[in-house]
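A.B. asks: Heads up, the sequence shown is in our numbering, so the first residue is 3 and it goes up one at a time.
C-beta atoms are modelled at their ideal positions from N, C-alpha and C, and glycine is treated no differently.
Quantities reported herein were computed from a predicted structural model and do not represent experimental measurements.
One structure is given below, represented as structure tokens, and several questions about it will come after.
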Amino acid sequence: MANESICILGGGNTAFAVAASLTLRGFDITLCELPEFASVLEPIAAERTIRLRGVAGEGLAQISRVTTDVGEALAVADLLLLIVPAYAQRPFAEACIPYLTERHMVVLMPGTLGSLEWAAMLAGAGKKATLAEVDTAPYVCRKTAPDEATIWGVVSGLGVGALPAVKTEAVRARLDPLFPGMQMHPDAMACGLSSMNPVVHPAGVLMNAGRIERSHGEFYFYEEGVTPAVVRAIMAVDDERRAIGRAFGYDLLPVNEAFHQAGFGPKGDLWAAINGSYMLTRLKAPGSLESRWLTEDVPYGLAAWVSIGRQFGVATPVMESLVNLAGPVMGFDGWQEGRGIAELGIEGMELDALKRYLGR
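As structure tokens, then:
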């Protein structure tokens, strides 16, 4: 399916890496960012070129179109890969909805339940589109220059959930040529509950807060910061996440098994998976506590999961404690700033009704 026209929405690390990688593989790529963030596209706007380095191939990728005109971008492609932080998913939905039609498929990479918020917004606007989300970013990558991306690792077995779930095979058919070896979740809720970032990042960052501030992130987060005590806190979060999953009938993979399946590290407990990971042990800590590892993963990850647990009678005391502790550290209330059951469009739904909604 090379030469297929694909629109990548976003202008950050992973958006650049995916745009460059898919371009070098022969896909026709439009890279679109919201006008208020046009500055991130300026380094590549004139030549439309991103230099790709790393394990997924190297070369100069000539992007077909680089734009801040959402209407123009959506007219060119019907497969949209939304690769932005969770807090940017709603602004992109607001920008895209006027131009969306039933022919469009929107994939949130990763979603962290953002597909449910998009579905609620689409319904409110009287629009329809196929939605899906993945459970982690497809690459371990960074921008290593304003016009350059480096990929250190490619995720194998990328988890995907479709909304509605009856579109699962259609989603698989569109995405597998781009990201081979995908694993399909039962639905979008299972996928959103399988995101590993909220499991690992908040506990890890809060328990390393002093070192992050003192060193400005100059240490290897996973290799040096995720010690056995931190692993125990992470596993407590993971136990609560999996308990929420069981309320829906899901048997969610433990975080250590999910890391192994994604290709991050060897099989074993989380300590073994992380310390044996070529990809993860090379990543440094955030440079400050004003990091997505808190500002995204707490309000849009943990707080959302807690709200779902409350609605369906699942206790999550460790998650709640982390959200409460993160508030003064972040300087804002993670309960108020993120995504709850109202934003997800499932407030007041009984379990059977919600399952029907997810599957349709």
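1) Measuring alpha carbon to alpha carbon, tell me which of I214, V68 and R27 ends up nearest G59.
2) Nearest CA to the CA of E292: which residue from V42, M332 and G159?
3) Looking at C-alpha atoms only, which residue of V142, E242 and D137 is the closest neighbour of N15?
4) From this set, G329, L115 and N210, which residue's C-alpha is nearest A164's C-alpha?
5) Spatial neighbours of Q313 within its chain, please: CB distance less than 7 angstroms, with the 5 preceding and 5 following residues excluded, ordered by chain position.
6) Give the range of the beta strand (DSSP E) segment to which M107 is assigned.
7) Can you tell me whether L353 is buried or exposed, with buried defined as 16 or more other CB within 10 angstroms of its CB?
8) I need the boundaries of the alpha helix (DSSP H) containing A125, first residue and last residue.
9) Let me confirm a value: R243 is counted as buried when at least 16 other C-beta atoms fall within 10 Å, else exposed. Which label applies?
10) Less than 8 angstroms between the CB atoms is what I'm expecting for N277 and E345, so what's the real figure, rounded?
11) Between the Cα of P288 and those of F334, A274, S217 and A231, spot the shortest distance and give me the residue it belongs to.
12) Short check: CB of L208 to CB of F94, under 9 angstroms?
13) Just how far apart, CA to CA, sit V233 and M321?
14) Going by Cα to Cα distance, which pick from A249, D253 and V257 is closest to A235?
15) State the Cα-Cα distance for the pair L272 and L282, rounded to the nearest angstrom.
16) The alpha helix (DSSP H) that contains Y359, what's its start and end?
C.D. replies: Once the coordinates are examined:
1) Along the sequence shown, read from residue 1 onward, the residue named residue 59 stands at position 57. Closest by alpha carbon: R27.
2) Taking the first residue of the sequence shown as 1, we reach residue 292 at position 290. That would be M332, whose Cα lies nearest to the Cα of E292.
3) One-based indexing of the sequence shown puts residue 15 at position 13. Of V142, E242 and D137, the residue nearest in Cα terms is V142.
4) Numbered from its first residue, the sequence shown carries residue 164 at position 162. Nearest option by C-alpha distance: L115.
5) Against the sequence shown, residue 313 aligns to sequence position 311. Taking C-beta separations shorter than 7 angstroms and ignoring five residues to either side along the sequence, the partners of Q313 in its chain run I343, following chain order.
6) Within the sequence shown, residue 107 is the residue found at index 105, counting from 1. Where M107 is concerned, the enclosing beta strand (DSSP E) starts and stops at M107 to L110.
7) The residue given as residue 353 occupies position 351 in the sequence shown. The C-beta of L353 has fewer than 16 other C-beta atoms within 10 Å across all chains shown, which makes the residue exposed.
8) By 1-based counting over the sequence shown, the position of residue 125 is 123. It spans G116 to A127 - the alpha helix (DSSP H) in which A125 sits, taken as one unbroken run.
9) Your numbering for residue 243 matches position 241 in the sequence shown. Around the beta-carbon of R243, 16 or more other beta-carbon atoms lie within 10 Å, marking it buried.
10) Translated into positions along the sequence shown, residue 277 becomes position 275. Translated into positions along the sequence shown, residue 345 becomes position 343. Taking a contact as a CB-CB distance under 8 angstroms, the pair N277 and E345 does not count as one, their CB atoms being some 37 angstroms apart.
11) As a first step, residue 288 must be located in the sequence shown, where it is residue number 286. Nearest C-alpha to P288 among F334, A274, S217 and A231: S217.
12) Start at 1 with the first residue of the sequence shown, and residue 208 comes out as number 206. Start at 1 with the first residue of the sequence shown, and residue 94 comes out as number 92. Judged by their CB atoms, L208 and F94 are not nearer to each other than the 9 angstroms cut-off.
13) In the sequence shown, the residue the question calls residue 233 occupies position 231. In the sequence shown, the residue the question calls residue 321 occupies position 319. Between V233 and M321, the C-alpha separation is close to 15 angstroms.
14) Counted from its first residue, the sequence shown places residue 235 at position 233. Nearest option by C-alpha distance: V257.
15) Locating residue 272 in the sequence shown gives position 270, where the first residue counts as 1. Locating residue 282 in the sequence shown gives position 280, where the first residue counts as 1. Just so you know, the alpha carbons of L272 and L282 end up roughly 12 angstroms apart.
16) Within the sequence shown, residue 359 is the residue found at index 357, counting from 1. In the DSSP assignment, Y359 falls within the unbroken alpha helix (DSSP H) covering L353 to G361.
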